[in-house]
Amino acid sequence: MATAKKTATQDAGNGSRHPTNLKFTKEQELHAFREMMLIRRFEEKAGQLYGMGAIGGFCHLYIGQEAIVVGMQLALKPGDQVITGYRDHGHMLACGMEAKGVMAELTGRRSGYSKGKGGSMHMFSKEKAFYGGHGIVGAQVSLGTGLAFANRYRDNDHVSVAYFGDGAANQGQVYESFNMAELWKLPVIYVIENNRYAMGTSVTRSSAQTDFSRRGVSFNIPGKQVDGMDVRAVKAAGDEAVAWCRAGKGPYILEMQTYRYRGHSMSDPAKYRTREEVDKVRHDSDPIEQVRLRLLEMKVTEQELKAIDAEVREIVNASADFAQHDPEPDASELYTDIYR
């Protein structure tokens, strides 16, 4: 019997995104606008440098998904930890890591966060509680659960946030982590960044259960679908999940329904979707444009917003200039940071 197929442009959970009643102050909107602009301009510049051959290896851009990490950071406090996959530059910047250090690592320079020896999947900052982007699909979920175990063991009231995508959500280690986290009531928030296509296959073709907020049902883990294009909705859901974890109730799942404007990586032409589909999401749901329009309603002028953009561009351009002129690592660095 023939059945109708859903398209990837439909919400992954049958259109059940929860709207938010949370209102931001003008200061909160301005903060969100600046942080998201920083991520977007950085990613645009990283894409340019990759095209010029200044960045080698892989390059996965976060353009379109900025509201998720910015909104979640607003719900966290110092000491809470973040860990994610390889689409990670936005998470680093949102955690407070310096743009020039991130860009220097991407270009393989000695001032990079891993001395230019690792690239995008090997940047960490204990100071900013960022525990890396990870190249093995789903690996960060187990590690993020381990961070939560350490928090529970130390009784320090901290929460870990493990980000992963809709593709990684089908990995077996994810469910082993869910089981342990619920058994031990670990303070971990699993943020599923559902950008609808994983590496290039629609969730409707790759996942039997496309409502990712329900992935923890068999483990008694509560979950919620969130409009990941609205920074206020992300913040509201983050507050709820953080309160649950800090109260000792165990893990929480947040499915952030979002959309990436570029391909899976810079080498992906994204022929599995139409240009019209991408343009429609940009027009209807862009996370930065939503904030910009709200700020204009709050009587913030276009000139003020352009000044913020100009400031951000200056930071990003300076990071790119620094990254292209910083020396490469000395050959002796090949023998450092090696453990037997």
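Sequential numbering from 12 applies to the sequence shown in my numbering. For glycine and all other residues, C-beta sits at the position ideal for the given N, C-alpha and C.
Sub-8 Å separation of residue i and residue j beta-carbons
i	j	result
A275	M210	Checking the displayed sequence, the identity of residue 275 turns out to be His instead of Ala. For H275 and M210, yes; Cβs fall inside 8 Å.
F69	A110	no
G144	Y97	yes
L197	P262	yes
L41	L306	yes
V170	V253	yes
E77	G101	yes
M83	G249	yes
P338	R120	yes
T36	A334	no
Q151	T95	yes
E193	F230	yes
Limits of the alpha helix (DSSP H) - the one that residue i falls within
i	result
D332	E313 to H336
Y61	K37 to G62
S217	V214 to S217
T156	A150 to R165
F189	G183 to L194
H102	H100 to A105
L85	E77 to A86
K126	Note, K126: premise wrong, no alpha helix (DSSP H); not H, not E.
L117	A110 to L117
Residue i: first and last residue of the uninterrupted beta strand (DSSP E) it sits in
i	result
E266	Y263 to Q268
A342	No beta strand (DSSP E) contains A342, which DSSP labels as neither H nor E.
S296	Premise fails: S296 lies in the alpha helix (DSSP H), R286 to S296, not in any beta strand (DSSP E).
V93	Q92 to T95
Y142	F141 to G144
For residue j and residue i, believed in contact at Cβ under 8 Å, the rounded distance
i	j	result
I232	F189	6 Å
V93	F141	5 Å
E251	I203	16 Å between Cβ atoms; not a contact.
S218	D177	7 Å
K128	P340	6 Å
N205	T269	6 Å
G75	R286	Wrong, their Cβ atoms sit about 14 Å apart, outside the cutoff.
L72	R273	5 Å
6 Å CB neighbourhood of residue i in its chain, flanking five on each side removed
i	result
A179	V148 and G149
F44	V302
W255	Y263
Opposing strand residues paired with residue i [DSSP bridges]
i	result
V242	In the DSSP output, where bridge partners are listed per residue, V242 has none listed.
N406	Summary: the structure shown does not reach residue 406, with the chain confined to residues 12 through 351, and so no result is reported for it.
F175	I203
S136	F141
Residues near residue i by beta carbon distance below 8 Å, same chain, minus five either side
i	result
D320	M48 and R52
L104	E46, L49, I50, F53, A110 and V113
Q220	R226
R163	W195, K196, L197 and P198
K352	Because residue 352 is not part of the residues shown, which for the chain are 12 to 351, the question remains open.
Residues near residue i in its chain [Cβ-Cβ closer than 7 Å; skip 5 each side]
i	result
S125	E116, H133 and M134
R225	G234
A331	K56, L60 and M114
Residue i Cβ short of 7 Å to the ligand PLP heavy atom set
i	result
S171	Ligands displayed in this structure: none; no statement on the ligand PLP is therefore possible.
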